[in-house]
Amino acid sequence: MHPATPPSAPPPVPSHGPPRRVLVVEDDPTVAEVVTGYLSRAGYTTAHAADGFAALDRAADFRPHLVVLDLMLPGIDGLEVCRRLRRGDGPAVPVVMLTARGEEADRILGLELGADDYVTKPFSPRELVLRIGSVLRRAESAPPAAAPAAVLRAGDLTADPGGRRADRAGRALALTAREFDLLVFLMRHPGRVFSREELLHRVWGWEFGDLSTVTVHVRRLREKIEADPAAPRLVTTVWGAGYRFDAVGDEPPPEDAPLRGDGPRS
């Protein structure tokens with residue numbers, strides 16, 4: 001599948017700071033040429049890999065700020081590439097997946113592995129650039145130094161929006177950028193129920209999209225912050241309405257209870 005015909009002028013990347021590096025992992029040379037060319041014209045520095053093994057090698061050398069990752073790749077597929085990128089040390093590199101329309105199960109699995117967003121083929125290169133910009137802004141965002149955001153606390157769960165760090169019972173949580181944004185949003189509105197549509201709009205910034213994206217991220221967030229993800233007490237489901245953050249009522253886990261996450265990842 002090929003991208004839709006691109007508009008003449010790609011949206012520019014923000015001018016402050018050095019150009020952001022984007023690794024495009026795509027085995028179709030036509031798609032790769034269109035995407036890398038469009039990103040370059042938008043102000044990004046790009047590199048390309050045509051298969052899964054080359055992608056991992058190129059990621060180590062190129063040190064991208066973001067990876068555009070096709071799911072269907074020779075060698076090892078995009079899901080395995082995403083899994084291995086997430087397994088590495090240091091901050092998690094944001095990932096935007098390219099998927100075919102019929103790959104819903106793979107798309108959901110990719111989100112579960114930590115991908116930050118996805119674009120469905122055939123796609124508009126302009127939309128892809130806008131999605132990339134949105135993901136990078138969220139990954140790199142920080143409040144102004146003159147007005148630092150207050151640290152959020154609920155029992156032994158802490159989230160620091162300024163430092164983009166979260167921990168529970170003194171242990172750092174390995175949250176992706178989107179998981180962290182979701183946690184902060186919910187903690188800022190304790191006791192309020194948000195539908196999946198509202199969360200998609202207010203956390204992702206999307207006017208419309210696949211609601212399973214929200215479901216997957218809530219599930220992954222629970223796996224990392226709840227003492228028992230199967231019986232959540234912090235992020236609870238209000239059947240027929242949505243999700244609610246309960247700031248009180250969650251008992252601290254026993255000292256020997258394992259907590260998900262072994263380090264901060266923004």
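At position 17 of the sequence shown the residue is numbered 17 (UniProt numbering), and the sequence of numbers has no breaks. Ideal Cβ placement from N, Cα and C applies to all residues, glycine included. Bear in mind that the values here come from a model prediction, so they are computed numbers and not experimental data.
Open item on the list: Quick check on residue 242: does DSSP put it in helix, strand or coil?
Closed with: Within the sequence shown, numbered from 1, the residue matching residue 242 stands at position 242. Three-state DSSP puts residue 242 in a strand.
Task: DSSP three-state assignment for residue 138, whether helix, strand or coil - done: Taking the sequence shown and counting its residues from 1, the one referred to as residue 138 is at position 138. Of the three classes helix, strand and coil, the one that applies to residue 138 here is helix, per DSSP.
Task: Between the CA atoms of residue 223 and residue 168 - distance to the nearest angstrom - done: As a working mapping, residue 168 is identified with position 168 in the sequence shown. As a working mapping, residue 223 is identified with position 223 in the sequence shown. Rounded to the nearest whole angstrom, the C-alpha separation of residue 168 and residue 223 is 12 Å.
Open item on the list: Could you tell me the alpha carbon to alpha carbon distance between residue 244 and residue 191, rounded to whole angstroms?
Closed with: Residue mapping note: residue 244 aligns to position 244 of the sequence shown, counting from 1. Residue mapping note: residue 191 aligns to position 191 of the sequence shown, counting from 1. Rounded to the nearest angstrom, the two C-alpha atoms are 6 Å apart.
Open item on the list: Tell me which residues share the same chain as residue 115 and place their Cβ nearer than 8 Å to its Cβ, disregarding the 5 neighbours each side in the sequence.
Closed with: Locating residue 115 in the sequence shown gives position 115, where the first residue counts as 1. Closer than 8 Å at the Cβ level, and outside the excluded window around residue 115, lie 69, 82, 95, 96, 97.
- [ ] Measure the C-alpha to C-alpha separation of residue 84 and residue 93 and round it to an integer number of angstroms.
- [x] The residue labelled residue 84 in the question sits at position 84 within the sequence shown. The residue labelled residue 93 in the question sits at position 93 within the sequence shown. Our two residues, residue 84 and residue 93, have alpha carbons roughly 11 Å apart in a direct line.
TODO: State the Cα-Cα distance for the pair residue 34 and residue 137, rounded to the nearest angstrom.
DONE: Indexing the sequence shown from 1 puts residue 34 at position 34. Indexing the sequence shown from 1 puts residue 137 at position 137. Each residue's alpha carbon lies about 23 Å from the other.
Open item on the list: Based on DSSP bridge pairs, tell me the residues matched to residue 48.
Closed with: Along the sequence shown, read from residue 1 onward, the residue named residue 48 stands at position 48. In DSSP, residue 48 forms a bridge with 24.
Open item on the list: Using CA atoms only, rank isn't needed, just tell me which of 29, 74, 18 is closest to residue 45.
Closed with: Here residue 45 refers to the residue found at position 45 when the sequence shown is read from its first residue. Nearest option by C-alpha distance: 18.
TODO: Use the C-beta contact count for residue 153: other C-beta atoms within 10 angstroms, 16 or more gives buried, fewer gives exposed.
DONE: Counted from its first residue, the sequence shown places residue 153 at position 153. Exposed: under 16 other Cβ atoms inside 10 Å.
Task: Alpha-carbon to alpha-carbon, residue 27 and residue 112 - done: The residue given as residue 112 occupies position 112 in the sequence shown. The residue given as residue 27 occupies position 27 in the sequence shown. If I take the Cα positions, the gap works out to 23 Å.
Task: Counted within 10 angstroms of its Cβ, other Cβ atoms place residue 250 as buried (16 or more) or exposed - done: In the sequence shown, the residue the question calls residue 250 occupies position 250. Residue placement at residue 250 is poorly supported in this model, since its pLDDT is 44, which falls under 50; the coordinates still yield a value, given next. A residue is called buried once 16 or more other Cβ atoms fall within 10 Å of its Cβ, and residue 250 is buried on that count.
Task: Helix, strand or coil at residue 55 [DSSP, three-state] - done: The residue given as residue 55 occupies position 55 in the sequence shown. Under the three-state reduction of DSSP, residue 55 is assigned to helix.
TODO: Give a yes or no on whether the C-beta atoms belonging to residue 66 and residue 139 are separated by under 9 Å.
DONE: Translated into the one-based positions of the sequence shown, residue 66 becomes position 66. Translated into the one-based positions of the sequence shown, residue 139 becomes position 139. Yes, they are a contact pair.
Task: Cβ contact (3+ pairs, closer than 8 Å) linking the stretch 174-189 and the stretch 211-218 - done: Touching, yes.
Task: DSSP state of residue 247 mapped onto helix, strand, coil - done: Numbered from its first residue, the sequence shown carries residue 247 at position 247. Residue 247: coil per DSSP, three-state reduction.
- [ ] Taking residue 168 as part of the alpha helix (DSSP H), name the residues at either end of that continuous run.
- [x] Counted from its first residue, the sequence shown places residue 168 at position 168. Note, residue 168: premise wrong, no alpha helix (DSSP H); beta strand (DSSP E) at 165-168.
- [ ] Would you mind stating whether residue 78 and residue 110 have Cβ atoms separated by less than 9 Å?
- [x] Counted from its first residue, the sequence shown places residue 78 at position 78. Counted from its first residue, the sequence shown places residue 110 at position 110. Yes.
Task: Cut-off 6 Å between Cβ atoms - residues of its own chain near residue 107, not counting five sequence neighbours on either side - done: For this step, residue 107 is matched to residue 107 along the sequence shown. Counting only Cβ-Cβ distances below 6 Å, and skipping sequence neighbours, we find 99, 118.
- [ ] Could you work out which residue in 52, 199, 22, 49 is closest to residue 38 when comparing CA atoms only?
- [x] The sequence position of residue 38 within the sequence shown is 38, counting from 1. Looking at the Cα atoms, 22 is the closest of the given residues.
Task: Beta-carbon separation (whole angstroms), residue 242 vs residue 196, contact threshold 8 Å - done: To locate residue 242, count along the sequence shown from 1; it is residue 242. To locate residue 196, count along the sequence shown from 1; it is residue 196. With a Cβ gap of about 6 Å, residue 242 and residue 196 count as contacting.
Task: CA nearest to the CA of residue 25, picked from 55, 238, 165, 129 - done: Taking the sequence shown and counting its residues from 1, one reaches residue 25 at position 25. Sorting 55, 238, 165, 129 by C-alpha distance to the C-alpha of residue 25 places 55 at the top.
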